[in-house]
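>
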Amino acid sequence: MKLPGLSFTLTEREKKLIKLAAVLLVFTLAYYYGIEPLQVKKALREQELLLLQQQKQQLQAQAAVVQKSLALEQQGRELEKRLPSSLAQADLLGQLRQLAQEHQVTLELVRLNSQQEEQTVAGVKVKSVQMALALSGSRQALRDFLADLEKLPRAVRVQAGELSTSEQGQRLDLNLVIYFLPSEV
136 MKLPGLSFTL TEREKKLIKL AAVLLVFTLA YYYGIEPLQV KKALREQELL LLQQQKQQLQ
196 AQAAVVQKSL ALEQQGRELE KRLPSSLAQA DLLGQLRQLA QEHQVTLELV RLNSQQEEQT
256 VAGVKVKSVQ MALALSGSRQ ALRDFLADLE KLPRAVRVQA GELSTSEQGQ RLDLNLVIYF
316 LPSEV
């Protein structure tokens, strides 16, 4: 190759080296201006994706907490519907007598403990009192009485029970916990 004013000739080997250098230069420029920025963008997107996944997990955990809280509130509202605003002994005894009559069960003993306890159940502040019952009747009648006891319009929990057999028939001794809302006096 001859340039005006400059006279030098390149050998075949030098021409190949120049071509090789030009190709390397093109690849290097393509890497720095094309591939490397794409790799940087890819790394940034991966970090962004990781952050979004972490945020999603946090939001799911928060949603689970809110869901549990809502379920607890719902349980509390349902419990409040079943709780009278006072012990209402006369109403309770009337409900127990009616239930016993429906199932042909004899109420032999009803003893209400005068000591009241206060606690929180399903997010609702309630009072409770223990009651002892002694019932007699056929085994099926006592079983039916127990089944309907939990369906009473007020919250009653059977804490303990003992079934015994005598010559007179079956006897069921129950310890109940009766729940009610504290009176606002």
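Under the working numbering, the letters of the sequence shown match residues 136 to 320, in that order.
Quick reminder that beta carbons are idealized off the backbone N, C-alpha and C, glycines included.
What's the C-alpha gap between L227 and Q209?
Against the sequence shown, residue 227 aligns to sequence position 92. Against the sequence shown, residue 209 aligns to sequence position 74. The alpha-carbon atoms of L227 and Q209 are separated by roughly 25 Å.
> Tell me which same chain residues have a C-beta within less than 6 Å of the C-beta of E253, skipping the five on either side of it?
Residue mapping note: residue 253 aligns to position 118 of the sequence shown, counting from 1. So the qualifying residues of the chain are K262.
> Which residues bound the beta strand (DSSP E) around I313?
Along the sequence shown, read from residue 1 onward, the residue named residue 313 stands at position 178. I313 -> beta strand (DSSP E) spans 304 to 315.
> Could you give the first and the last residue of the continuous beta strand (DSSP E) run that contains L247?
Taking the first residue of the sequence shown as 1, we reach residue 247 at position 112. Counting along the chain, the beta strand (DSSP E) containing L247 begins and ends at 241 to 256.
> Could you please give the first and the last residue of the uninterrupted alpha helix (DSSP H) stretch that includes S289?
For the purposes of this step, residue 289 is taken as residue 154 along the sequence shown, with counting starting at 1. Correcting the residue identity first, residue 289 is Arg in this sequence and not Ser. From DSSP, R289 is part of no alpha helix (DSSP H); its letter is neither H nor E.
> When the Cα of L277 is compared with those of T255, D308, L247, which residue comes out closest?
Position 142 of the sequence shown, counted from the start, is the residue given in the question as residue 277. Of T255, D308, L247, the residue nearest in Cα terms is D308.
> Could you spell out where the beta strand (DSSP E) holding L270 opens and where it closes?
Counting from 1 along the sequence shown, the entry for residue 270 is found at position 135. Residue range 259 to 272 is occupied by the beta strand (DSSP E) that includes L270.
> Thinking just about the alpha-carbon of each residue, which of G211, P317, N248 is nearest to the one in L311?
For the purposes of this step, residue 311 is identified with residue 176 of the sequence shown, where counting begins at 1. Out of G211, P317, N248, N248 has the C-alpha closest to the C-alpha of L311.
> Taking Cβ positions, are V240 and L287 nearer each other than 7 Å?
Your numbering for residue 240 matches position 105 in the sequence shown. Your numbering for residue 287 matches position 152 in the sequence shown. Against a cut-off of 7 Å, the Cβ pair of L287 and V240 comes out as no contact.
> By alpha-carbon positions, which one of H238, A290, E243 ends up nearest to D279?
Within the sequence shown, residue 279 is the residue found at index 144, counting from 1. If we check each option's Cα against that of D279, H238 comes out closest.
> What span of residues does the alpha helix (DSSP H) with L145 cover, start to end?
For this step, residue 145 is matched to residue 10 along the sequence shown. Per DSSP, L145 belongs to no alpha helix (DSSP H) and is neither H nor E.
> Give me the Cβ distance between G258 and L205, rounded to the nearest whole Å; I'm assuming they're in contact under 8 Å.
Locating residue 258 in the sequence shown gives position 123, counting from the first residue. Locating residue 205 in the sequence shown gives position 70, counting from the first residue. The beta-carbon distance between G258 and L205, rounded to whole angstroms, is 11 Å. This is too long to meet the 8 Å contact definition.
> Could you round the C-beta distance between M266 and R292 to whole angstroms and report it? I think they count as a contact, below 8 Å.
Position 131 of the sequence shown holds residue 266. Position 157 of the sequence shown holds residue 292. M266 to R292, Cβ: 11 Å. No contact.
> Less than 7 Å separating the beta-carbons of I313 and V256?
Translated into positions along the sequence shown, residue 313 becomes position 178. Translated into positions along the sequence shown, residue 256 becomes position 121. Contact flag unset, no.
> Assuming G229 is part of the alpha helix (DSSP H), what are its boundary residues?
Numbered from its first residue, the sequence shown carries residue 229 at position 94. Counting along the chain, the alpha helix (DSSP H) containing G229 begins and ends at 224 to 237.
> Could you check if G272 is buried or exposed, using at least 16 other CB atoms within 10 Å of its CB as the buried criterion?
Along the sequence shown, read from residue 1 onward, the residue named residue 272 stands at position 137. Buried, because 16 or more other Cβ atoms sit within 10 Å of the Cβ of G272.
> On the DSSP bridge list, what partners appear for E85?
In this structure the chain extends from 136 to 320, so residue 85 is not present and cannot be described.
> Helix, strand or coil for E297, going by three-state DSSP, please let me know.
Counted from its first residue, the sequence shown places residue 297 at position 162. In the structure shown, E297 adopts extended strand secondary structure according to DSSP, grouped into three states.
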